Amino acid sequence: MNNTIKRSLSGLVFLAIMTGGLLWNPVIFALLMVFCIVVMMSEFLTISTGKFLNIPSILSILTGVTLFSSIFLFKGYGFDSGILFASLIPAAAMGASFLYNKEIKSAYTSTGFHYSAILYVALPFALMNFVVFDNSNTFEPKLLLAMFILLWSSDVGAYVFGMTIGQKYGKKLFPSISPKKSWAGFWGGITSTLLAGYIIYYLDFTSISLIHIIAISLIINILGVLGDLVESQFKRNFGVKDSGNIMPGHGGLLDRFDGALLSFPVALAYLKLFALI
Numbered sequence: 001m002n003n004t005i006k007r008s009l010s011g012l013v014f015l016a017i018m019t020g021g022l023l024w025n026p027v028i029f030a031l032l033m034v035f036c037i038v039v040m041m042s043e044f045l046t047i048s049t050g051k052f053l054n055i056p057s058i059l060s061i062l063t064g065v066t067l068f069s070s071i072f073l074f075k076g077y078g079f080d081s082g083i084l085f086a087s088l089i090p091a092a093a094m095g096a097s098f099l100y101n102k103e104i105k106s107a108y109t110s111t112g113f114h115y116s117a118i119l120y121v122a123l124p125f126a127l128m129n130f131v132v133f134d135n136s137n138t139f140e141p142k143l144l145l146a147m148f149i150l151l152w153s154s155d156v157g158a159y160v161f162g163m164t165i166g167q168k169y170g171k172k173l174f175p176s177i178s179p180k181k182s183w184a185g186f187w188g189g190i191t192s193t194l195l196a197g198y199i200i201y202y203l204d205f206t207s208i209s210l211i212h213i214i215a216i217s218l219i220i221n222i223l224g225v226l227g228d229l230v231e232s233q234f235k236r237n238f239g240v241k242d243s244g245n246i247m248p249g250h251g252g253l254l255d256r257f258d259g260a261l262l263s264f265p266v267a268l269a270y271l272k273l274f275a276l277i
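If you read the sequence shown in my numbering, its first letter stands for residue 1, the second for the next number, and so on.
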């Protein structure tokens, strides 16, 4: 099958699952996010440490899942704020588990990756709970879906402009890390994101004003590109092309969500700073 067709079909399935999971109900949303966290942390740890089926890696993933779940229960179901500290238990157990690793040097070399997997992957996804639940614990997923639409628009715009213009005429954006990315693709991504932001505003998909939609669009686009480059550098460091093969034509889930891992926390900070949520 042609790679473009395979990539398009795989992308459509991904969009359908993500959109349905976000809009269905809070439980389905949580299950989808936990699945993504487990897969992405597994991909990250497999690349960085060579395997994830060991006690430190399992405890690292458990910490990430607990972090998401505790914030989900706090924001969505009004649990006491004390539950937010639940993830410290598996995190502490993970640190202690290195004492029992037979390859001590190897264990402490990989320690940073086990902790950074939590910060890099699980934390941004856990923070999404602050977007989908309002202050009265009501599930309102449209804003998070809008953020994903902006990110996907950026990816599509960058891909189309990069393939049609950038590969032949455009200068490379960051050739030492990602030789295929071009400035034409970057500006195409910005254009597509701003257009998507205006459509979101025009359709009253969220209650956020146009000026703030523009700001959030730029944050998601620019930080999304940087997030993509950060993940590309991470993979290049370990000589890996794709983080996984769960999505034909796209690679792993880490490849699909790399832009969100940097851009969504900053977008959330903006939303909170201006009291938009």
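Virtual Cβ for every residue (Gly too), placed ideally from N, Cα, C. Source: prediction; values computed, not measured.
Item, Value
"Give a yes or no on contact between the region 131-141 and the region 268-277, applying the rule of three or more CB pairs nearer than 8 Å.", "yes"
"Could you say if the region 192-210 and the region 141-156 meet the contact criterion of at least three C-beta pairs nearer than 8 Å?", "yes"
"With distances taken from CA atoms, which of Thr19, Ile222, Gln233 is nearest Phe155?", "Going by the sequence as given, residue 155 is Asp instead of Phe. That would be Ile222, whose Cα lies nearest to the Cα of Asp155."
"Could you give the uninterrupted runs of the beta strand (DSSP E) lying entirely in the region 153-208, keeping only those of 3 residues or more?", "172-174, 178-182"
"Compute the beta-carbon to beta-carbon distance between Leu254 and Glu43, rounded to the nearest angstrom, for a pair I have assumed lies under 8 Å.", "5 Å"
"Are Pro90 and Leu62 touching if we call contact CB-CB under 8 Å?", "yes"
"Please classify Asp133: does DSSP put it in a helix, a strand, or coil?", "What sits at residue 133 in the sequence shown is Phe, not Asp. Phe133: strand per DSSP, three-state reduction."
"Hey, could you find the ends of the alpha helix (DSSP H) Val39 is sitting in?", "26-49"
"Within the continuous alpha helix (DSSP H) that includes Phe68, where are the two ends?", "55-77"
"Alpha carbon to alpha carbon, how far is Ala158 from Thr109?", "36 Å"
"Using the rule of at least 16 other Cβ atoms within 10 Å of the residue's Cβ for burial, across every protein chain shown, is Arg236 buried or exposed?", "exposed"
"Hey, would you say Val13 sits closer than 8 Å to Val34, going by beta carbons?", "no"
"In the DSSP assignment, find the alpha helix (DSSP H) that holds Ile222 and state where it starts and stops.", "210-237"
"Do you know whose CA, among Asn135, Phe174, Gly188, lies nearest Phe161's CA?", "Gly188"
"Select from Ile200, Ser48, Gly50, Ser178 the residue whose C-alpha is nearest the C-alpha of Ile216.", "Ile200"
"Closest to Thr49 by C-alpha separation, out of Asn245, Leu261, Thr19, Gly239, would be which residue?", "Gly239"
"Tell me the rounded alpha-carbon separation between Asp286 and Ile71.", "The structure shown does not extend to residue 286, since the chain is modelled only from 1 to 277, so the question has no answer here."
"If you run the structure through DSSP and keep just helix, strand and coil, what is Gly279?", "Residue 279 falls outside the range modelled here, since the chain spans only 1 to 277, and no answer is possible."
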